[in-house]
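Undergrad: First to last, the protein sequences are chains A and B. In case it helps, our numbering puts the first sequence at residues 120 to 291. In case it helps, our numbering puts the second sequence at residues 120 to 291. Pasting in a structure now, in structure tokens, and then I'll have a few things to ask.
There are 2 protein chains.
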Amino acid sequence: MKVIVLRLGHRAGRDPRISTHCALVARAFGADGMIYSGEHDSDFEDSVNNIVKRWGGPFELRHEKNWRKTITSWKGASVHLTIYGMPVQEKIEGIRKARNLLIIIGGQKVPAEVYHRVDHNISVTGQPHSEVAALAVFMHELFEGKEPKRRYENAKIRVVPQEAGKKTVEKS
Amino acid sequence: MKVIVLRLGHRAGRDPRISTHCALVARAFGADGMIYSGEHDSDFEDSVNNIVKRWGGPFELRHEKNWRKTITSWKGASVHLTIYGMPVQEKIEGIRKARNLLIIIGGQKVPAEVYHRVDHNISVTGQPHSEVAALAVFMHELFEGKEPKRRYENAKIRVVPQEAGKKTVEKS
């Protein structure tokens, strides 16, 4: 299953930290890449690409001005994460059968047409919280919690889990 | 089970948005409250309290300068969420048996002693991403994904899940 996250409406001045969290969550929970619309932002891209270079990939981040084209040209199923959608617990089994999946997460204001262009509007908890958290829990459910088994290519560093303290293995 | 989240090292200038996401995640996934150390921040508190007033509670947010006291005086088990810890998948079953749980999430630099003062250092994925996401997935596992069944007291608004579009019920 190929999984791409589409982050709508990035604002370079205000959002780099939240968008960086979204991109790192996408990578850590098993997405192949993230596309973001809104303002182009080299600093945001650099901070994500530096993590990918050090911790491994593949993970591709790219900007796309025309988010509508990204949705309509997508070959596969699409999910929009929104507080107003159906509970992830009810729908995830069906969504797991998709061949490719586009996961859309909003910025401040999501145009109404997004709700109607996607295959599923999905909510994580039905309460207001965070697109970072919604993406993480949705992907955790999508891949049934198998994150510790993921392997990353060309990683220069990885963590060796410890009961207390820090241990990493690095290669140059 | 009483669950409190302890957010370390809040910086009023830089962190309000991430800390707000953390507090809202704590509330939406079933914590009773959040304690934060670092700088006191009324704007951050107001934005969280406004959500609690509208979407229901109980959920208490308070500042505590002395995070060490919060950890040592805690009556119950404690978990520190860190990339360096043991996989949540391996440890969650034991942690679910705790009567009360303090969940600690870091700011930029977590003092080494935190790793040794807690009962469990737990990692979500073992990859770098986001304390917001780590908290959400940890709590989602802790309560076995039962978020849609939670009821909030004195809520003025709640969402009615929809396949497409937005529906809420409000009462004044």
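Even glycine gets a Cβ: it sits at the ideal position worked out from N, Cα and C. A quick note: this is a predicted structure, and the numbers were derived from the prediction, not measured.
Name the DSSP beta bridge partners of threonine 287(A), please?
TA: Threonine 287(A) is bridged to Val278(A).
Undergrad: Got a sec? Which residues, its chain only, sit under 7 Å from lysine 184(A) by beta carbon, not counting five neighbours each side?
TA: Cβ within range, chain order: Ser156.
Undergrad: Considering Cα atoms alone, identify which of Gly149(A), Glu232(A), Ile190(A), Cys141(A) is closest to serine 166(A).
TA: Per the Cα distances, Cys141(A).
Undergrad: Consider the Cβ of serine 197(B): report whether some Cβ of chain A lies at a distance smaller than 8 Å.
TA: No - not a single Cβ of chain A is within 8 Å of the one on serine 197(B).
Undergrad: Do you know whose CA, among Tyr234(A), Trp186(A), Gly175(A), Ser161(A), lies nearest isoleucine 202(A)'s CA?
TA: Looking at the Cα atoms, Tyr234(A) is the closest of the given residues.
Undergrad: Across which residues does DSSP place histidine 235(B) in a beta bridge pair?
TA: DSSP, once it has assigned bridges, lists no residue as partnering histidine 235(B).
Undergrad: Among Pro230(A), Thr244(A), Ile276(A), Ser192(A), which residue has its Cα nearest to the Cα of glutamate 263(B)?
TA: For glutamate 263(B), the nearest C-alpha among the options comes from Thr244(A).
Undergrad: Alanine 131(A) versus chain B: which residues are under 9 Å apart at the beta carbon?
TA: The contacting residues do not exist; alanine 131(A) stays about 15 Å from chain B at best.
Undergrad: Using 8 Å for Cβ pairs, my map puts arginine 136(A) next to isoleucine 137(B). What's the rounded Cβ distance?
TA: With a Cβ gap of about 6 Å, arginine 136(A) and isoleucine 137(B) count as contacting.
Undergrad: Say whether chain A places a C-beta atom closer than 8 Å to the C-beta of lysine 188(B).
TA: Not one chain A Cβ lies under 8 Å of lysine 188(B).
Undergrad: Please determine whether the Cβ atom of isoleucine 170(A) lies at a distance below 7 Å from any heavy atom of the ligand SAH.
TA: Ligands in the displayed structure: none, and consequently the ligand SAH is not present.
Undergrad: For proline 247(A), which residues of its own chain have a beta-carbon under 8 Å away from its beta-carbon, when the five flanking residues on both sides are left out?
TA: Counting only Cβ-Cβ distances below 8 Å, and skipping sequence neighbours, we find Ile202.
Undergrad: Between Pro230(A), Ile214(A), Gly175(A), Val198(A), which has its C-alpha nearest glutamate 289(A)'s C-alpha?
TA: The residue with the shortest Cα to Cα distance from glutamate 289(A) is Gly175(A).
Undergrad: Mind listing which residues of the region 248-262 of chain A have their C-beta closer than 7 Å to chain B's C-betas, in chain order?
TA: Listed by position along the chain: His248, Ser249, Val251, Ala252, Ala255, Val256, His259.
Undergrad: So is isoleucine 222(A) in contact with chain B if we call contact Cβ pairs under 8 Å?
TA: Not an interface residue.
Undergrad: Measure the C-alpha to C-alpha separation of proline 280(A) and valine 229(A) and round it to an integer number of angstroms.
TA: Between proline 280(A) and valine 229(A), the C-alpha separation is close to 39 Å.
Undergrad: Under 9 Å between beta-carbons, which chain A residues line up against lysine 286(B)? List them in chain order, please.
TA: Those within 9 Å of lysine 286(B) in chain A are Tyr203.
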